[in-house]
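Numbering (UniProt numbering), first residue to last: 1 to 697.
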């Protein structure tokens with residue numbers, strides 16, 4: 001049995017490869033991709049060259065060789081720490097990919113011989129299967145590749161993919177017909193039509209998705225990188241002008257020493273946003289990794305980031321807001337129609353309906369004493385999202401209800417009403433009132449028609465999930481609008497929406513209605529997220545900005561979405577949004593901290609490099625640092641070490657709290673803005689004390 005494991009942040013399995021990768025990432029081809037850290041990289045090379053030069057010509061550098069070496073070493077550490085943070089984040093994702101890769105193995109399958117008849121099955125390797133092949137999977141067999149069940153019902157162990165030990169039922173028809181390669185049949189058998197070629201399975205795509213090291217930068221990350229590069233260029237120009245200014249000042253004052261190149265490099269590295277520059281890539285990689293830990297596979301960092309900006313959530317009623325196990329609870333007959341006739345018609349119309357609702361209607365009718373009637377040459381009319389009805393057409397010879405051919409239909413009340421009106425019938429007013437009463441109770445009415453006559457209504461009961469109203473209140477405080485989507489009529493939808501506390505609802509929804517609703521919100525500048533598991537959800541999933549497809553859903557749904565929830569839990573969409581917002585908050589918090597902690601470095605380095613020329617600058621030495629060399633070295637060491645201390649925050653993320661944007665801004669400014677101002681003063685002073693204590697300055 002597969003169980004999910006979670007490695008600690010600095011676990012040896014992650015830390016050792018990350019340390020090696022930190023060194024290999026010192027290649028210029030890698031470093032130039034991060035402009036901020038590339039400047040530090042160049043500064044490290046320059047100070048190393050200055051140190052080598054100072055060994056032969058001590059007076060040329062203006063600083064003792066030991067000091068130049070110390071600065072050079074800590075600049076290299078700054079680069080290495082940033083590389084380590086990125087490698088550690090990548091290592092977590094690669095460990096996840098490796099565990100998935102371990103699930104992929106060659107198996108033998110029973111392939112149906114061509115032509116597809118005769119019941120002959122041939123043993124073939126899973127690697128030799130292709131899209132369209134039909135295989136038989138029996139008890140204890142491993143499903144060779146992804147596919148759709150075309151015959152049979154079986155209990156399937158999907159723990160290798162989802163981490164959940166409880167088996168699930170897979171069967172032909174409906175939204176639970178998709179099976180995943182690598183899972184195992186526990187009981188019974190399935191006939192599966194393979195839907196992918198080798199190398200294109202869901203497991204293969206999962207492995208590719210979690211290879212976060214290959215991810216593309218998101219738009220927000222690109223924008224932030226441009227801002228950081230702009231700040232770096234400003235500080236580079238400012239620092240470059242300080243050398244001629246120092247030469248002029250020393251000449252004009254007739255005292256002091258010209259600032260050294262080593263001090264200028266140290267000043268530049270401390271002033272540019274190295275903290276966020278060194279952690280920016282790690283934050284993005286970690287965001288995808290955290291999504292994977294929640295058992296959600298994101299196809300790109302763009303999808304994770306978009307989840308943080310979502311302001312409209314579209315949620316299916318069944319299984320998300322309600323428990324989803326709607327069960328038939330009562331038959332309400334029309335005037336002049338016996339309860340037995342309604343139950344029998346409902347049973348016949350539901351015999352070929354493999355949905356839980358259809359089966360519950362059959363069970364309710366049988367419990368009431370209605371027996372199945374032997375019928376021949378029955379034409380089954382399956383349920384579709386467009387017609388929102390299902391049923392059977394019975395020929396006259398097989399019909400036990402009437403002397404004439406009978407068309408039995410069962411489905412949404414309005415759909416059945418249109419059906420009988422098209423045949424010249426009408427919906428009885430009493431039955432319409434009964435249907436409205438069922439809907440007002442929060443239940444779902446299904447009408448049953450025999451030809452042009454509506455026989456009655458079946459009441460389906462569902463229960464709103466405990467705590468869902470509180471979750472929607474949290475989303476409302478986050479500024480996110482919630483919209484419930486359901487195929488139920490407006491009265492039922494309104495009752496459930498009021499009980500659950502959603503902001504709006506779309507009743508009697510067809511695939512076209514869902515698509516139109518998403519486009520309408522997007523036209524207003526909103527970012528929309530939705531979940532889905534059926535083929536009929538695919539168009540809307542493809543249109544949504546964040547589309548979470550259920551792992552148990554159809555292949556079309558999974559291909560249309562930009563995330564796949566392996567747990568097949570529709571409420572996971574709420575966690576996806578929170579994870580996306582946590583990613584954005586983490587990036588913003590670290591940026592705020594990085595920019596704010598420059599202030600202390602001004603007070604440390606600026607007086608230190610100019611105090612020999614302008615003694616009055618000693619008043620800015622508010623930290624009372626021991627000496628100019630101690631001030632510069634302390635600032636450089638703090639600038640490197642703070643990256644290490646912030647790695648856990650970058651990888652675990654800032655915890656998101658469901659409060660308004662203004663409250664979040666005030667909180668983050670107080671913690672990371674004020675913290676970014678105060679922590680460097682304390683840190684630099686402590687490092688200065690330590691350097692003095694051990695006699696290095």
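Cβ coordinates follow ideal geometry from the N, Cα and C atoms, glycine included.
Boundaries (first-last residue) of the beta strand (DSSP E) holding residue i
{"i": "residue 390", "result": "389-394"}
{"i": "residue 541", "result": "Residue 541 -> not in any beta strand (DSSP E); alpha helix (DSSP H) instead, spanning 538-543."}
{"i": "residue 32", "result": "Looking at the DSSP string, residue 32 is not in any beta strand (DSSP E), and its letter there is neither H nor E."}
{"i": "residue 504", "result": "504-506"}
{"i": "residue 412", "result": "406-412"}
{"i": "residue 353", "result": "Looking at the DSSP string, residue 353 is not in any beta strand (DSSP E), and its letter there is neither H nor E."}
{"i": "residue 438", "result": "Element bounds for residue 438: not the beta strand (DSSP E) but the alpha helix (DSSP H), 429-440."}
{"i": "residue 316", "result": "312-316"}
{"i": "residue 168", "result": "168-171"}
{"i": "residue 482", "result": "481-485"}
Distance between residue j and residue i (C-alpha atoms, nearest Å)
{"i": "residue 586", "j": "residue 664", "result": "12 Å"}
{"i": "residue 246", "j": "residue 257", "result": "8 Å"}
{"i": "residue 592", "j": "residue 533", "result": "40 Å"}
{"i": "residue 260", "j": "residue 566", "result": "58 Å"}
{"i": "residue 627", "j": "residue 645", "result": "26 Å"}
{"i": "residue 679", "j": "residue 598", "result": "11 Å"}
{"i": "residue 466", "j": "residue 444", "result": "19 Å"}
{"i": "residue 57", "j": "residue 668", "result": "49 Å"}
{"i": "residue 171", "j": "residue 365", "result": "23 Å"}
{"i": "residue 291", "j": "residue 306", "result": "13 Å"}
{"i": "residue 83", "j": "residue 107", "result": "40 Å"}
{"i": "residue 620", "j": "residue 613", "result": "14 Å"}
{"i": "residue 472", "j": "residue 502", "result": "6 Å"}
{"i": "residue 434", "j": "residue 332", "result": "8 Å"}
{"i": "residue 129", "j": "residue 531", "result": "31 Å"}
{"i": "residue 144", "j": "residue 182", "result": "6 Å"}
{"i": "residue 617", "j": "residue 235", "result": "20 Å"}
{"i": "residue 46", "j": "residue 37", "result": "14 Å"}
{"i": "residue 233", "j": "residue 244", "result": "18 Å"}
Nearest neighbour of residue i, chosen from the options [CA to CA]
{"i": "residue 573", "options": "541, 87, 46, 419", "result": "541"}
{"i": "residue 302", "options": "628, 577, 651, 605", "result": "577"}
{"i": "residue 223", "options": "584, 605, 238", "result": "584"}
{"i": "residue 560", "options": "568, 569, 548, 571", "result": "548"}
{"i": "residue 192", "options": "237, 180, 556", "result": "180"}
{"i": "residue 520", "options": "588, 456, 314", "result": "314"}
{"i": "residue 563", "options": "68, 355, 448, 297", "result": "297"}
{"i": "residue 299", "options": "293, 288, 427, 309", "result": "288"}
{"i": "residue 474", "options": "185, 575, 426", "result": "575"}
{"i": "residue 185", "options": "242, 459, 158", "result": "158"}
{"i": "residue 449", "options": "410, 355, 436, 73", "result": "410"}
{"i": "residue 240", "options": "262, 221, 204, 219", "result": "262"}
{"i": "residue 698", "options": "141, 78, 437, 346", "result": "The structure shown does not extend to residue 698, since the chain is modelled only from 1 through 697, so no value can be given for it."}
Identity of the residues DSSP links to residue i by a beta bridge
{"i": "residue 689", "result": "DSSP output for residue 689 lists no bridge partner at all."}
{"i": "residue 184", "result": "142, 157"}
{"i": "residue 190", "result": "137"}
{"i": "residue 327", "result": "461"}
{"i": "residue 445", "result": "459"}
{"i": "residue 121", "result": "112"}
{"i": "residue 147", "result": "179, 194"}
{"i": "residue 25", "result": "Partner(s): none; residue 25 has no beta bridge."}
{"i": "residue 450", "result": "408, 453"}
{"i": "residue 532", "result": "549"}
7 Å CB neighbourhood of residue i in its chain, flanking five on each side removed
{"i": "residue 605", "result": "266, 267, 270, 631, 632, 635"}
{"i": "residue 464", "result": "321, 322, 496, 499, 500"}
{"i": "residue 638", "result": "680, 683, 684, 687"}
{"i": "residue 55", "result": "65"}
{"i": "residue 507", "result": "486, 488, 489, 490, 493"}
{"i": "residue 195", "result": "131, 146, 147, 148, 555"}
Spatial neighbours of residue i in its chain, beta-carbon cut-off 6 Å, leaving aside the 5 residues before and after
{"i": "residue 190", "result": "137, 149, 152, 154"}
{"i": "residue 383", "result": "390"}
{"i": "residue 229", "result": "35"}
Own chain residues within Cβ distance below 8 Å of residue i, not counting five before or after
{"i": "residue 693", "result": "none"}
{"i": "residue 686", "result": "none"}
Run of the alpha helix (DSSP H) containing residue i, from where it starts to where it stops
{"i": "residue 223", "result": "219-253"}
{"i": "residue 572", "result": "572-596"}
{"i": "residue 261", "result": "261-271"}
{"i": "residue 292", "result": "274-293"}
{"i": "residue 640", "result": "628-652"}
{"i": "residue 497", "result": "490-500"}
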